[in-house]
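Scroll down for the structure; my scribbles are underneath it.
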Amino acid sequence: MRITRTATVLAASAALFALAGCAGQPAATGSDAPADGPAALSDGTLVVATEGTYPPFSYHEGGSGELTGYDVEVARAVAEKLGVEVQFEETQWDAIFAGLDAGRFETIANQVTINDERKEKYVFSTPYTVSPGVIVVPEDNTDIASFEDLEGKTTAQSLSSNWGALAEESGATVEAVEGWAQAIALLEQGRIDATINDELTFLDYVKQNPDAPIKIAAETPEAGEMAFVFTKDNADLAEAIDGALAELAEEGVLAELGEQFFGADVSK
0 MRITRTATVL
10 AASAALFALA
20 GCAGQPAATG
30 SDAPADGPAA
40 LSDGTLVVAT
50 EGTYPPFSYH
60 EGGSGELTGY
70 DVEVARAVAE
80 KLGVEVQFEE
90 TQWDAIFAGL
100 DAGRFETIAN
110 QVTINDERKE
120 KYVFSTPYTV
130 SPGVIVVPED
140 NTDIASFEDL
150 EGKTTAQSLS
160 SNWGALAEES
170 GATVEAVEGW
180 AQAIALLEQG
190 RIDATINDEL
200 TFLDYVKQNP
210 DAPIKIAAET
220 PEAGEMAFVF
230 TKDNADLAEA
240 IDGALAELAE
250 EGVLAELGEQ
260 FFGADVSK
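Residue numbers for the sequence shown follow numbering that gives the first Met the number 0, so the first one is 0 and each next one is one higher.
Spelled out as C-alpha cells, the structure:
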C-alpha cells in the first residue's frame, strides 16, 4: 500500500446526507454554488482526480461497482459543503500530476503526501489523513517496544522502501519481500520478528482480518500528512476546501469516514 507517494513505497474523509456509508448520494447541484466562490467552481462542479484502483482510498465496489473509498467520500463531502457537484476523473498515478498541471481537474484526492518538494510547486489543503510509521509484531511479543529494540531482530520489508531503510538504520536484519502481504504472512508464520509499515496499512488489514494475531509495538514520532493538492493559481479553492474540511472535522464526519474504512479516526 502506497502511503507517501514520493517513492515506490513510503508512502499509505463523505458523510453524505446522513452517515459515511452513503457513497452513492450526489452532491448539491451546481445551481447552489456560491456566486462569490473560487473561480474554479464557477460552473458548479469540482473536478477531482483519483485512481479508482487504490483500496480502501479510491476503488470500485466489487471491482466494477460504484466508485467509493475514504478519499472519494471525503471529496464528496467537501463538494456538498461547497454547494457544488463533484466529478471524478479516474487517472493512473503516474499521470495524475501532469493532468493537474494541464488543468484537466482542479485537485487530486488520492492520498497525496505533503512534502517540501511538492510544496515548492503546489498548494495543499489541510490534511485529512494523518498516519505515522509503525512497528507491527505478533500480539504476544514483549521484546519490541521501540525502534531501538529492533537491534538484532529480523524484519521483512521491501528493500526499495523507506521502511526498509528505517529497519536497517534501527539495526534489524531485513528479509526482502515485495510488500505488506508477504511481510505479514511471514510475521504470522513466526518467521520474522516484526515489520514496519504505515499505520493505515495496519488498520486496513485488521479491519479486514479482525482476528489477526498482531499489534502495534511502536510508532514513528512524525506522521505522514495527506491532503488535497492544487496548482498555485487555485489557492483560493484550497482555502475554500480548508473551510469545508474544518466543518466536516467539527461535525465528526471525517471521524465517521475513518471508522467506516479503517475502524479508527485517521484525520488527526
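Ideal placement from N, C-alpha and C gives every residue a C-beta, glycine not left out.
Here the structure is a predicted model, which means the values were calculated and not measured.
Bridge partner(s) assigned by DSSP for residue i
i	result
Gly223	Ser130
Tyr204	Tyr204 is not bridged to any residue.
Leu66	His59
Ala48	Glu88, Ile107
Asn196	Val133
Phe229	Val122
Beta-carbon spacing of residue i, residue j below 7 Å
i	j	result
Thr141	Thr172	no
Asp70	Asn109	yes
Leu185	Ala164	no
Thr106	Phe229	yes
Trp92	Glu50	yes
Glu198	Val111	no
Ile191	Ala166	no
Glu84	Thr44	yes
Leu149	Gly170	yes
Phe123	Val46	no
Ala180	Leu158	no
DSSP state of residue i mapped onto helix, strand, coil
i	result
Phe56	coil
Thr141	coil
Ile213	strand
Asp42	coil
Ile113	coil
Glu79	helix
Asp270	This structure leaves residue 270 out entirely; the chain is present only between 0 and 267.
Gln156	strand
Ala234	helix
Val311	Missing from the structure shown is residue 311; the chain here goes from 0 to 267 and no further.
Glu218	strand
Gly269	What the structure shows of the chain is the stretch from 0 to 267, and residue 269 is not part of that stretch, so it cannot be assessed.
Own chain, CB closer than 8 Å to residue i, minus 5 neighbours either side, in chain order
i	result
Gly262	Leu202, Val205, Lys206
Pro212	Pro137, Glu138, Asp139, Glu187
Ile95	Ala48, Glu50, Ile107, Asn109
Ile143	Ile134, Val136, Leu149, Lys152, Asp192, Ala193, Ala216, Ala217
Gly189	Pro137
Glu88	Val46, Val47, Ala48, Thr49, Gly98, Arg103, Phe104
Asn233	Pro37, Ala39, Glu105, Thr106, Val122
Ser30	Because the pLDDT at Ser30 is just 40, under 50, the model does not fix this residue reliably, and the point stays unresolved.
Proximal residues to residue i (C-beta, below 6 Å), its chain only, five neighbours per side dropped
i	result
Thr128	Met225, Val265
Leu247	Ala76, Leu253
Pro37	Asp235, Leu236, Ala239
Thr125	Asp241, Leu244
Ala32	Only weak support exists for where Ala32 lies, its pLDDT of 47 falling under 50; the coordinates are left without a value.
Ala182	Ala155, Val176, Thr194
Lys231	Val122
Phe260	Pro55, Tyr69
Gln86	Thr44, Val46
Nearest-angstrom Cα separation, counted from residue j out to residue i
i	j	result
Thr219	Asp42	43 Å
Glu147	Asn161	17 Å
Glu258	Gly151	36 Å
Ala217	Ser145	5 Å
Lys214	Phe56	22 Å
Lys267	Asp100	29 Å
Pro209	Glu65	25 Å
Gly251	Glu168	39 Å
Ser63	Pro54	13 Å
Tyr58	Glu249	27 Å
Residues of its chain near residue i, where Cβ-Cβ distance is below 7 Å and the 5 sequence neighbours each way are ignored
i	result
Ala222	Val129, Ser130, Pro131
Glu60	Thr67
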